[in-house]
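> Numbering (our numbering), first residue to last: 7 to 448.
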C-alpha cells in the first residue's frame, strides 16, 4: 500500500513539473526578448524604390498624330530622356519639307524621401520610400534649321543633364505640324508619317494615329479623335510662347499622360531604333469606309451582274431550244443535260464567289462592314441559286413533262452536293495548313 502511494506521489510531482516548465520557459524567453531593443525588428521583404535608376542613356518616344482633310499632320510628341552624359541641349530632325514647330516644354519631376514605417519606441524611421512630386513645366528655347528634306530642331534645356539625385525623370513635350503627310486620290487619303531622327539610340517608339471628324481610318473601329481640342495642348503651346517657368499644370500633365497612353486610335510600336533612323507609319483615311472598298464593290457588282446575265442567257437559250426541239429533233436527254448544265454552272460560280467573300471579308473590309456585306451576299446568292433550281427545270417540265424536270433538278442538286463536299475538303485542308486561324466560313 505504501509503495502504491509513493508511486502516485512521484507521478504527481512529475506532472506538476511538466506543467510548470513551459511557464518558466515563456517567462525566461520574454525576459530575453525584452532585453533586446525593439528597433531591431525584421525588415520588410521589399526594398525602397531608388531615387535614380539610370545606368545608360535611354530615350523613349511617344507621338499622337492627328490628320486632317488637307493632308497635314498635327503632332504632339513626348521624349522621355534618361541621360548620364553632361547635356544642356537636345536636337532632333523632323522629316518633311514644310515643318512648323509650335512649342517645346520640358517636363521635370522631382522626388523626395518620405517615411512609411517608424520605430514604435524611438520614433526613428525604419523604412523610407520615394515620393514623386507633381511635374513642373519649363518653357524651352528652340531653333529650327530648314534642310532640304527635313527640319533640324535644337532645344536649349532649362534643366541640364545629368539630373540631380532628387530628380525622377525629365521629358520634352513638342508640338509641331507637317504638311503633305497625306496625298488624296479618289477621295481617299494615303498618309506616310515618319518619326523624328535622333543622334542616339531610341529604345522604343510609339505612334498613335487619329483623324479629325468626319474622316475615318481604314481598319480602325474608332479613330475619329480630334486632339486639337485638348486644353492641355493649347496651354502647352501658349506656355512655350510666354516663357513659362517652374509651373505646375494639371491640364498639361493630363495632356502629357495622354500622349504616352492613348486609346481609341491606331497604335504602332517599334523598338531598338538606331541613330538617325526613323519609324514610318502608313495607312489610309477617308470620309466614308465605303470609299476604301469601292474597287471591290465595283467588282462585286460586276460579278453579280454577270451571273444574272448568265442566268437570263441560259433561260432564253432553253426557251429557244425547247421551241426548236421538235423541228430539229432534239432529244429530251439533251435538253435535260443542257438545262442542268446551265443551272449547275450558275450555282457553281455563285457558290465560289460567296465562299471567297465570306472567308476573306473580315480581313478585306473590317468587321463593321463585313457583317452587312455578308448578309447581303448570302441573300443575293440564295436568290440566284433558287432561281437556278426553279426556272430551268420549270421550262423543261412545261416542254417535256414532269419526269425530265425532276431529273434536271436532281442533276443540279447532285452537282451542288459534290461542290459542297469539295468546299468542305478545301476548308479542312486550309485550316490544317494555317492552324485554323485565318480561314473561317460564316
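Note that beta-carbon positions come from the ideal geometry of N, C-alpha and C, so glycine has one too.
#1: Assuming residue 84 contacts residue 181 under a Cβ cut-off of 8 Å, what Cβ separation, rounded to an integer in Å, is found between them?
#2: Buried or exposed for residue 170, please, with buried defined as at least 16 other CB atoms from any protein chain shown within 10 angstroms of its CB.
#3: How long is the line joining the alpha carbons of residue 350 and residue 397, rounded to whole angstroms?
#4: Going by DSSP in three states, residue 301 sits in which element: helix, strand or coil?
#5: For residue 287 versus residue 198, is the C-beta spacing smaller than 9 Å?
#6: Between the segment 213-226 and the segment 104-113, do three or more beta carbon pairs fall short of 8 Å?
#7: Which residue marks the beginning of the alpha helix (DSSP H) containing residue 113, and which one marks its end?
#8: For the putative contact between residue 73 and residue 193, defined by C-beta atoms under 8 Å, what is the C-beta separation to the nearest angstrom?
#9: Would the segment 133-143 count as touching the segment 63-80 if we require 3 or more Cβ pairs under 8 Å?
#10: Under 9 Å, do residue 418 and residue 394 count as touching if we go by C-beta distance?
#11: Please list, in chain order, all residues of the same chain as residue 428 whose beta carbon is under 6 Å from its beta carbon, the five residues on each side excluded.
#12: Give me the DSSP bridge partner(s) of residue 159.
#13: Within 10 angstroms of the Cβ of residue 157, are there 16 or more other Cβ atoms? Answer buried if so, exposed if not.
#14: For residue 364 and residue 339, I'd like the C-alpha separation in whole angstroms.
#15: Below 6 Å CB to CB, which residues in the same chain sit around residue 123 once its five sequence neighbours on both sides are set aside?
#16: From the DSSP secondary-structure annotation, give me the bridge partner or partners of residue 64.
#17: Just to confirm my understanding: we take residue 282, look at its own chain, exclude 5 residues before and 5 after, and list those with CB closer than 8 Å. What are they?
#18: Alpha carbon to alpha carbon, how far is residue 275 from residue 301?
#19: Looking at the unbroken beta strand (DSSP E) that takes in residue 283, where does it start and where does it end?
#20: Classify residue 426: buried if its beta carbon has 16 or more other beta carbons within 10 angstroms, exposed otherwise.
#21: What three-state label does DSSP hand residue 359 in the structure shown?
#22: For residue 350, which beta-bridge partners are listed by DSSP?
#23: Rounded to the nearest angstrom, what separates residue 220 and residue 411 at their Cα positions?
#24: In the DSSP assignment, the beta strand (DSSP E) including residue 197 goes from what residue to what residue?
#25: Where do the N-terminal and C-terminal ends of the beta strand (DSSP E) with residue 256 fall, by residue?
#26: Report buried or exposed for residue 389, applying the criterion of at least 16 other Cβ atoms within 10 angstroms of its Cβ.
Put simply:
#1: The count along the chain shown starts at 1 and reaches residue 84 at position 78. The count along the chain shown starts at 1 and reaches residue 181 at position 175. Wrong, their Cβ atoms sit about 11 Å apart, outside the cutoff.
#2: Here residue 170 refers to the residue found at position 164 when the chain shown is read from its first residue. The residue in question, residue 170, is exposed, as its Cβ has fewer than 16 Cβ neighbours within 10 Å.
#3: By one-based count along the chain shown, residue 350 stands at place 344. By one-based count along the chain shown, residue 397 stands at place 391. Cα to Cα, residue 350 sits roughly 12 Å from residue 397.
#4: As a first step, residue 301 is located in the chain shown; it is residue number 295 there, counting from the start. Residue state, collapsed to three classes: helix.
#5: Counted from its first residue, the chain shown places residue 287 at position 281. Counted from its first residue, the chain shown places residue 198 at position 192. Taking 9 Å as the cut-off, the beta carbon of residue 287 is found closer than this to the beta carbon of residue 198.
#6: no
#7: Along the chain shown, one-based indexing puts residue 113 at 107. That residue, residue 113, is in no alpha helix (DSSP H); its beta strand (DSSP E) goes 105-124.
#8: Start at 1 with the first residue of the chain shown, and residue 73 comes out as number 67. Start at 1 with the first residue of the chain shown, and residue 193 comes out as number 187. Not quite, the Cβ-Cβ distance comes to about 15 Å (not below 8 Å), so this is no contact.
#9: No: the two stretches stay apart, fewer than three of their Cβ pairs being nearer than 8 Å.
#10: Indexing the chain shown from 1 puts residue 418 at position 412. Indexing the chain shown from 1 puts residue 394 at position 388. Cβ distance < 9 Å, so residue 418 and residue 394 count as in contact.
#11: In the chain shown, counting from the first residue as 1, residue 428 sits at position 422. Contacts found: none.
#12: Taking the chain shown and counting its residues from 1, one reaches residue 159 at position 153. According to DSSP, residue 159 bridges with 98 and 150.
#13: If you number the chain shown from 1, residue 157 lands on position 151. Buried, because 16 or more other Cβ atoms sit within 10 Å of the Cβ of residue 157.
#14: Along the chain shown, one-based indexing puts residue 364 at 358. Along the chain shown, one-based indexing puts residue 339 at 333. Distance between the alpha carbons of residue 364 and residue 339: 37 Å.
#15: What you label residue 123 is simply residue 117 of the chain shown in a count that begins at 1. Contacts found: 132 and 133.
#16: Locating residue 64 in the chain shown gives position 58, counting from the first residue. Partner(s): 88.
#17: Translated into positions along the chain shown, residue 282 becomes position 276. For residue 282, where only same-chain residues beyond five positions count, the Cβ hits under 8 Å are 99, 203, 204 and 205.
#18: Residue 275 sits at position 269 when you count from the first residue of the chain shown. Residue 301 sits at position 295 when you count from the first residue of the chain shown. Rounded to the nearest angstrom, the two C-alpha atoms are 30 Å apart.
#19: Translated into positions along the chain shown, residue 283 becomes position 277. It is not in any beta strand (DSSP E) - residue 283 carries neither H nor E in the DSSP assignment.
#20: Position 420 of the chain shown, counted from the start, is the residue given in the question as residue 426. Burial call: exposed.
#21: Within the chain shown, numbered from 1, the residue matching residue 359 stands at position 353. In this structure, residue 359 counts as helix in the three-state DSSP scheme.
#22: Start at 1 with the first residue of the chain shown, and residue 350 comes out as number 344. According to DSSP, residue 350 bridges with nothing at all.
#23: Taking the first residue of the chain shown as position 1, residue 220 is located at position 214. Taking the first residue of the chain shown as position 1, residue 411 is located at position 405. Rounded to the nearest angstrom, the two C-alpha atoms are 56 Å apart.
#24: Translated into positions along the chain shown, residue 197 becomes position 191. Segment 194-200, the beta strand (DSSP E) holding residue 197.
#25: For the purposes of this step, residue 256 is identified with residue 250 of the chain shown, where counting begins at 1. Element bounds for residue 256: not the beta strand (DSSP E) but the alpha helix (DSSP H), 256-266.
#26: Working through the chain shown from its first residue, we reach residue 389 at position 383. Classification of residue 389: exposed, given that the 10 Å Cβ count is below 16.
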